[in-house]
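Q: Take a look at this one; I'll ask things after.
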Amino acid sequence: MLLNKRFTIGEMAKMQNIAESTLRYYDEKGIFHPSIVDPQTNYRYYTIDQFSLLDTIKFLRQLNIPLKEIKKYIDERNPAYALNLLEKQQEMMLKKQREIEYALAKMEHKIHLIKEATKAKAEQMVIKEIPQRKITAIAVAPNTTDDMFEYYIHSLQKNMKQMDDSLFSGDIGVTVAKKGLMQNEFQAYSSVFILLDYMPFQIHSSDEIKEGMFACVYHHGPYEETDETYKKLMKYIDQEGYEVSGDAIEIALIDWSVTENPEEQVTEIQIPIMKKQSNKL
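986 is the number that my numbering gives to position 4 of the sequence shown; each next residue is one higher, with no gaps.
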């Protein structure tokens, strides 16, 4: 008795929690028709045995499958077709899930960086131990211009297959050659890199920043004006009984992607150090 129950479009819409206009659209596009036409009134009715098919259509729409593909599935449906359609959509959704996880990880990390930078005290120098960090890096030519740096960063992102806005492209940093540091040439950049550690998937890279002790300071202001900050940090290293053991690292915490005011920029400078070797005869 219940299987013979007929439903108007309004009743069907209410029971299935779907708009009447959507049902009319499905009917117009040949996707889902009322199964009964009253021969006397020409009124069209849905039946209860159509519920499962409409549930399937709604489910496929939730999976963002285009209506054109849904219509083809309805017209040609069989177990093999259903399996192929769902497996293809599953693969697409898993890819989207990874993209969302990646974006969330980058967003969380950027929030952490901005909070850290806004709390940082200018020119407060500390010595801290930093674990190994994985990076993807590219060597840069001497006297590299800002435009060339953008090109190098673009190349790194392209290699990572992560072509996205610079706000979320990871911790971008540069290294300053040890030789340059010792000669007070604090713009003697030797490489540009992107930190990979926080990323939610593995990127194979042979580049790394080795673990060790670092003398660190936050530079507030344009990154082109780091010379005085470097000089103070180098003096601090010497006074604390350490010496430089490798290339310096600059990591942009707040840069042009976050502020247009150069005075609000924050760069962390990290110089690898080791205890001075005593001269024994």
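Where is the CB? At the ideal position from N, CA and C, for every residue including glycine.
If Glu1232 and Val1122 are in contact, beta carbons under 8 Å, what's the gap, nearest whole angstrom?
A: Going by Cβ atoms, the distance from Glu1232 to Val1122 rounds to 12 Å, so no, they are not a contact pair.
Q: If Ala1104 and Tyr1200 are in contact, beta carbons under 8 Å, what's the gap, nearest whole angstrom?
A: Confirmed, Cβ separation roughly 6 Å.
Q: Would you kindly report the start and end of the unbroken beta strand (DSSP E) that includes Lys1116?
A: Looking at the DSSP string, the run of the beta strand (DSSP E) that includes Lys1116 is 1115-1121.
Q: Taking C-beta to C-beta, are Leu1177 and Ala1230 nearer than 8 Å?
A: Contact: no.
Q: Of all the CB atoms in chain D, is at least one closer than 8 Å to the CB of Arg1059?
A: Among the chains in the structure shown there is no chain D, since it carries only a single protein chain.
Q: How would you write the range of the beta strand (DSSP E) that Leu1177 sits in, first residue to last?
A: Start and end: 1171-1177.
Q: Suppose you measure from the CA of Asp1220 to the CA of Ile1255; what does that come to, to the nearest Å?
A: Those two C-alpha atoms are separated by around 10 Å.
Q: Note down the Cα distance separating Tyr1063 from Gln1044, rounded to an integer number of angstroms.
A: Rounded to whole angstroms, Tyr1063 to Gln1044 spans 18 Å at the Cα level.
Q: Quick check: the Cα distance between Arg1006 and Glu1083, rounded to an integer number of angstroms?
A: Roughly 38 Å separates the two Cα atoms.
Q: In whole angstroms, what separates the C-alpha of Val1240 from that of Ala1234?
A: C-alpha separation (whole angstroms): 11 Å.
Q: Evaluate the contact criterion for the stretch 1195-1210 versus the stretch 1106-1113: three or more CB pairs, one atom per stretch, below 8 Å.
A: Yes: at least three Cβ pairs fall under 8 Å.
Q: Where do the ends of the alpha helix (DSSP H) carrying Lys1070 lie?
A: From DSSP, the alpha helix (DSSP H) with Lys1070 extends over 1061-1101.
Q: Could you work out which residue in Met997, Leu1042, Ala995, Ile991 is closest to Ile1018 when comparing CA atoms only?
A: That would be Ile991, whose Cα lies nearest to the Cα of Ile1018.
Q: So which of Lys1258, Gln1247, Ile1253, Glu1111 has the shortest CA-CA distance to Ala1102?
A: Taking only the C-alpha atoms, the option nearest Ala1102 is Gln1247.
Q: Under a three-way DSSP split, which group does Glu1010 fall into?
A: Helix at Glu1010.
Q: Let me know if Lys1097 comes out buried or exposed under the rule of 16 or more other beta-carbons within 10 Å of its beta-carbon.
A: Its Cβ having fewer than 16 others within 10 Å, Lys1097 is exposed.
Q: CB-CB under 7 Å to Met1145, same chain, minus the five flanking residues each way: which ones, in chain order?
A: Annotation note: pLDDT 41 at Met1145 (below 50); position unreliable, coordinate value reported separately. Within the same chain, Met1145 has close Cβ partners Gln1139.
Q: Rank Ile1030, Gly1012, Ile1013 by C-alpha distance to the C-alpha of Gln998 and give the top, closest one.
A: It is Ile1030 whose Cα lies nearest to the Cα of Gln998.
Q: Can you tell me which of Met1089, Lys1258, Ile1052 puts its alpha carbon nearest to the alpha carbon of Lys1011?
A: Measuring from the Cα of Lys1011, the nearest candidate turns out to be Ile1052.
Q: Taking the continuous beta strand (DSSP E) assigned at Asp1195, which residues delimit it?
A: Looking at the sequence provided, one finds Met at residue 1195 rather than Asp. Segment 1194-1202, the beta strand (DSSP E) holding Met1195.
Q: How far does the beta strand (DSSP E) with Ala1104 in it extend, from its first residue to its last?
A: Careful: Ala1104 lies outside any beta strand (DSSP E) and carries neither H nor E.
Q: By DSSP, does Gln1247 sit in helix, in strand, or in coil?
A: Coil, per DSSP.
Q: Sorted by chain position, which residues of the same chain lie with C-beta nearer than 8 Å to Gln1114's C-beta, five sequence neighbours on each side aside?
A: Correct list, in chain order: Glu1190, Ile1191, Lys1192, Glu1193.
Q: Should Lys1088 go down as buried or exposed, given a rule of 16 or more other Cβ atoms within 10 Å for buried?
A: Classification for Lys1088: buried.
Q: Quick one: Cα of Phe1175 to Cα of Thr1208, how far?
A: Approximately 19 Å, taken between the alpha carbons.
Q: Terminal residues of the continuous alpha helix (DSSP H) containing Ala995?
A: That run of the alpha helix (DSSP H) goes 991-998.
Q: Do Ile1120 and Ser1034 count as a contact pair if the criterion is CB distance below 8 Å?
A: The answer is no: Cβ separation not under 8 Å.
Q: To the nearest angstrom, how far is it from the Cα of Leu1036 to the Cα of Phe1014?
A: Taking the straight line joining both Cα atoms gives about 7 Å.
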